[in-house]
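**Q**
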Amino acid sequence: MIKNSVQPVAAAAREETLEWERLLGSLWDNRWRLALATLLAALLGGLYALLATPVYEATAMAQVEQPTSGASLLRQSLDNAGEQFFRHAG
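Residue numbers (the working numbering): 1 to 90.
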């Protein structure tokens, strides 16, 4: 005769609940250790963030030109446009 080893649904649900209760109970029993470890890690991380030398680098270059009047600026623009036109047309 073949024996059916399938548990009833209610028994399986109760067993699963007991598993969760055991896990949560273990966490609850060690709550002060968990809180202390979390606090210690947060303090060490904050201390490192405050005391560590930042590692970053930036470079910049500025080009300064002499100011030109409006008339000479227009003349330069037209000269440049004419040179480009004849260079591409020829």
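Glycine residues also receive a C-beta, built at the ideal position from the N, C-alpha and C atoms.
Note that the structure is a prediction, hence the values are computed from the model and not measured.
What are the start and end residues of the alpha helix (DSSP H) that includes Ala52?
**A** No alpha helix (DSSP H) holds Ala52; DSSP gives it neither H nor E.
**Q** Taking Leu34 and Leu27 to be in contact with their CB atoms under 8 Å, please state how far apart those CB atoms are, rounded to whole angstroms.
**A** Contact holds; Cβ gap of about 7 Å.
**Q** For a test of the three-state rule: what should DSSP assign to Gln76, helix, strand or coil?
**A** In this structure, Gln76 counts as helix in the three-state DSSP scheme.
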